[in-house]
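Asks: Quick one: the structure is below, and I'll ask about it shortly.
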Ligand SMILES: [Zn+2]
Ligand SMILES: [Zn+2]
Ligand SMILES: [Zn+2]
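Chains as they are written, first to last, in the numbering used here: chain A, 686 to 936; chain B, -14 to 638.
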């Protein structure tokens, strides 16, 4: 098979994953899950050739009587990897390169290897969702070290007190919270200063002091200090701390 | 409530324009409202000062303006019933002008709300408030550029000092529909057009409603059903789920991405920043007050200073007034009134003047004056919300997370207002617990002041005992309620803290004056009436019977003298009146150390006051409010009785 066809297979698997995600069906008994409207919604019409390829590779199963297409465990694993790569790529393009959120990341997912995906995931601090708010399937790296030293992105609760950091992304635990966070200007790209962490986290964000609980602080991910370039809009960073002896010693 | 000038209102009725003041919480809305209308509403440097909507009229250039002072909000997407109230008012009242109060200190947060309001297409005027504070920070905002970009008049304003008021009035005349808008991208715009198509022809603010529907606003359902009926709503909902299912991911994230992009671009264009570090005293104090190591001592110091001021200064004022003002007048009066009955009516133990007027003016007023000065300083500084940072973990232990912290802390100011602010609480369980705790053993500002005054006469130890008992009671009640009402909905704690500022002497004095004025206006008639009531009860012999009947409870169980029946009756009318009598008893030595403690503890908890009960009924309904009130009254007796036994036990040891 040529490379182009491999890409097409991947796109199908990705589409099947999306459809499963939207439906309420459990991912485990995927074969029984109804998959409808595949031809219209996704990448062109169902090509017989690709379907045959999918079936022969044991990636999907087709129920002969009802014409239902479902992912096999093997296909599920492959789709999971593709979706993970896609969504991590979105995070990377959106957070790091400042690309428009509407531009796709589909070219990306077919190039990157499993190892590369894991290192991107680590670099980004194992994000839980893509910029669109869809869950990123977790990889081995995420389970091994939830808070790795190699991350460029750390959680707000790991930041040293008195330090500035730029928000990379926020893992929004519930949908209602997006509105409140945005009303307070807690969003990607904004520089925050951590004032205190006990008994309650207090940050300064766009001139406003905001108190938040630990759970939320953990869900706000920021760029590590070295990654954080000097920003003329926040002049206080350039000013030396007045009491250097009070400074918390860094490991 | 705002002053409604009914005399000028009808004259200009045909030339009337409706103006809504909107803005972030604490952005100076109420201040601007006061400046424009000349009425006075209490302004505090913390959120939720505007609970119900204030309304007043003013006249300018032959046109009558009807001004609404709205509660603060962060966005039009309703997170709580309070925010819903604001949104519904905007949607239903059809305002002619929106007066957007833009807090210059929080430019980006304000603009985030601003763009949502501008999307409504209602003519707008922007008051760029608190520019004195930003210019001190070295931040310069290009007002002309802001005005030309948005296409609406922008008026620089320092509301605290009344600067910009006149210009604001003339700008409201020239209010224009804003020209700023956001294109949300092909996908969302198509979705919006689709939803708009479903909405009835004459529906107001279709684009905004469509956007809120796409964002899945849970409060909209009720309104839409009300407006179109079940069937049509079901139709809308069906189409809507068809539209939203086409989206990949969260629409909210993309919408906010677009909005913040707009805000960032605008603020880059209009803000010039100077390069210097602003490290003010106020900022340092704010940080210290939130830190455990410094914050708790600061809190204790504040309590101690308040105590010392209330006990010493207020007592001094009270004594001076008594000996130089009250006594000479009363002596003269008593010699002028020949009849024994009338002398008793005016000056007896339940006399109209001695108990009613004297209680209010001699005993209660000095304490409240001193206490309100201290309290208003703290309020004006914005100290109170910073307390939530220290107390959050404690609150979490009693099942209160996030939203309920602020209402309860506000309860120390005024229980009635605090009960109304529980509207911001999303979970029913939390709301119920919060309302209960506010009504129960939480002393409100006048109560704290008066308790300090009463207990100060028997010593600081008594004060400590009473407030420890109240604290333990509250915690126990919270823990019990938390266990009884299992509910796993989790609320995130996310609280904006207002900047601490140096209190404005004039504002503090003005606020103290208004608080005292309101006290005299509301409470003095009740003081006088209850004196007459008690006098009558005594004359017809009811008090005697009640004392015999209640003797087992009051004498044996609570260890208090018979006269406490008067106090318990007075509590029902007005707590301050009861406090005046207790204070009188302490002065005359009729209550000892133990009895003073028991009676103050009892009266702090006993029966919620009428205003608070009214607020409770409004928030949780008559039946639940009355059950709560009954439970509170019963527990207060039990706790006071137990306290009596414990104190007696320690006396014997
Ligand atoms: Zn893709
Ligand atoms: Zn995505
Ligand atoms: Zn990972």
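Don't be surprised by glycine CBs; every beta carbon is placed ideally from N, CA and C.
#1: Against chain B, which members of the segment 872 to 888 of chain A pass a CB distance test of less than 7 Å?
#2: Can you pull the DSSP bridge partners for residue 40 of chain B?
#3: Does DSSP put residue 3 of chain B in a helix, in a strand, or in coil?
#4: Just to confirm, is the Cβ distance from residue 398 of chain B to residue 429 of chain B under 8 Å?
#5: Alpha carbons only, please: which of B:476, B:530, B:462 and B:420 is nearest the one belonging to residue 388 of chain B?
#6: For residue 803 of chain A, verify whether its CB is less than 7 Å away from any heavy atom of ligand 3.
#7: Where does residue 411 of chain B sit, in a helix, a strand or coil, going by DSSP?
#8: In terms of alpha-carbon separation, which member of B:113, B:446, B:50 and B:616 lies closest to residue 14 of chain B?
#9: Which residues in chain A have a C-beta closer than 9 Å to the C-beta of residue 245 of chain B? List them in chain order.
#10: Quick check: the segment 137 to 146 of chain B against the segment 187 to 197 of chain B, are there 3 or more CB pairs under 8 Å?
#11: Pull up the distance between the alpha-carbon of residue 699 of chain A and that of residue 765 of chain A, whole angstroms please.
#12: So does residue 826 of chain A have its beta carbon nearer than 7 Å to some heavy atom of ligand 3?
#13: Could you check whether the Cβ of residue 853 of chain A sits closer than 8 Å to any Cβ belonging to chain B?
#14: Check the C-beta distance from residue 754 of chain A over to residue 745 of chain A and give it rounded, since I have them as a contact under 8 Å.
#15: Do residue 594 of chain B and ligand 3 come close, with the Cβ less than 7 Å from some heavy atom?
#16: Would the beta-carbon of residue 909 of chain A fall within 8 Å of that of residue 804 of chain A?
#17: My output table needs one value for residue 282 of chain B: the three-state DSSP class, helix, strand or coil.
#18: In the segment 42 to 108 of chain B, which residue ranges form an unbroken alpha helix (DSSP H) of at least 4 residues, counting only runs that do not cross its ends?
#19: At least one CB of chain B closer than 8 Å to the CB of residue 862 of chain A: is that the case?
#20: Rounded to the nearest angstrom, how far is the Cβ of residue 291 of chain B from that of residue 437 of chain B, given a contact under 8 Å?
#21: Within 10 Å of its beta-carbon, does residue 606 of chain B have 16 or more other beta-carbons around it, so buried, or fewer, so exposed?
#22: Considering only residues of the segment 111 to 187 of chain B, which uninterrupted beta strand (DSSP E) runs meet the minimum length of 3 residues and lie entirely inside it, listed in chain order?
#23: Could you check if residue 936 of chain A is buried or exposed, using at least 16 other CB atoms within 10 Å of its CB as the buried criterion?
#24: Select from the segment 354 to 375 of chain B all residues with a C-beta closer than 8 Å to any C-beta belonging to chain A, and list them in chain order.
#25: List the endpoints of the continuous alpha helix (DSSP H) containing residue 801 of chain A.
#26: Per DSSP, what are the beta-bridge partners of residue 906 of chain A in this structure?
#27: Pick out whichever of B:238, B:623, B:344 and B:528 has its Cα sitting closest to the Cα of residue 508 of chain B.
#28: Strictly by DSSP, which residues pair up with residue 889 of chain A?
#29: Work out the CA separation of residue 339 of chain B and residue 320 of chain B for me, nearest whole Å.
#30: With a floor of 3 residues, list each beta strand (DSSP E) that falls wholly inside the segment 415 to 503 of chain B, ordered by position along the chain.
#31: Closer than 6 Å by C-beta to residue 274 of chain B: which residues in its own chain qualify, once you throw out the five before and the five after it? Chain order, please.
#32: Going by C-alpha distance, which of B:129, B:133 and B:58 is nearest residue 97 of chain B?
#33: Could you give the distance in angstroms between the alpha-carbon of residue 800 of chain A and the alpha-carbon of residue 733 of chain A?
#34: Could you tell me the alpha carbon to alpha carbon distance between residue 554 of chain B and residue 570 of chain B, rounded to whole angstroms?
#35: Which residues in chain B sit within 7 Å of residue 695 of chain A, going by Cβ to Cβ distance?
#36: For the alpha helix (DSSP H) that residue 191 of chain B lies in, which residues bound it at each end?
Replies: In brief:
#1: Flagged, chain order: 872, 880, 881, 883, 884, 885 and 887.
#2: Listed as beta-bridge partners of residue 40 of chain B by DSSP are B:53.
#3: Three-state DSSP puts residue 3 of chain B in a strand.
#4: Contact: yes.
#5: Nearest of B:476, B:530, B:462 and B:420 to residue 388 of chain B, Cα basis: B:476.
#6: Checking the Cβ of residue 803 of chain A against ligand 3 gives yes.
#7: Residue state, collapsed to three classes: coil.
#8: It is B:113 whose Cα lies nearest to the Cα of residue 14 of chain B.
#9: The contacting residues are 867, 870, 872, 873, 874 and 875.
#10: No: the two stretches stay apart, fewer than three of their Cβ pairs being nearer than 8 Å.
#11: One C-alpha to the other measures close to 8 Å.
#12: Yes, the beta carbon of residue 826 of chain A sits closer than 7 Å to at least one heavy atom of ligand 3.
#13: No, no contact with chain B.
#14: 6 Å between Cβ atoms; contact.
#15: For residue 594 of chain B, the shortest separation between its Cβ and any heavy atom of ligand 3 does not lie below 7 Å.
#16: Judged by beta-carbon spacing, residue 804 of chain A lies beyond the 8 Å limit of residue 909 of chain A, meaning their Cβ atoms are not closer than that value.
#17: Looking at residue 282 of chain B - three-state DSSP - the assignment turns out to be helix.
#18: Runs of the alpha helix (DSSP H) lying entirely within the segment 42 to 108 of chain B and spanning at least 4 residues, in chain order: 66 to 78 and 92 to 103.
#19: Closer than 8 Å to some Cβ of chain B, the Cβ of residue 862 of chain A qualifies, so yes.
#20: 7 Å between Cβ atoms; contact.
#21: Of the other Cβ atoms in all chains shown, fewer than 16 fall within 10 Å of the Cβ of residue 606 of chain B; this residue is therefore exposed.
#22: If only uninterrupted beta strand (DSSP E) runs of at least 3 residues are considered, those enclosed by the segment 111 to 187 of chain B are 124 to 126 and 139 to 142.
#23: At residue 936 of chain A, the pLDDT of 36 sits below 50, so the modelled position is not reliable and the matter cannot be decided from this model.
#24: Cβ contacts with chain A come from 373, 374 and 375.
#25: Residues 799 to 808.
#26: A:840 and A:854, per the DSSP bridge assignment.
#27: When each option's Cα is compared against that of residue 508 of chain B, the closest is B:344.
#28: A:878 and A:894, per the DSSP bridge assignment.
#29: Going by the C-alpha atoms only, they are around 15 Å apart.
#30: If only uninterrupted beta strand (DSSP E) runs of at least 3 residues are considered, those enclosed by the segment 415 to 503 of chain B are 479 to 482.
#31: Cβ neighbours of residue 274 of chain B beyond the five flanking positions: 280, 283 and 371.
#32: Cα-wise, what sits closest to residue 97 of chain B is B:58.
#33: Their Cα atoms are separated by approximately 33 Å.
#34: Those two C-alpha atoms are separated by around 15 Å.
#35: Correct list: empty, because the minimum Cβ distance to chain B is about 17 Å.
#36: Segment 191 to 199, the alpha helix (DSSP H) holding residue 191 of chain B.
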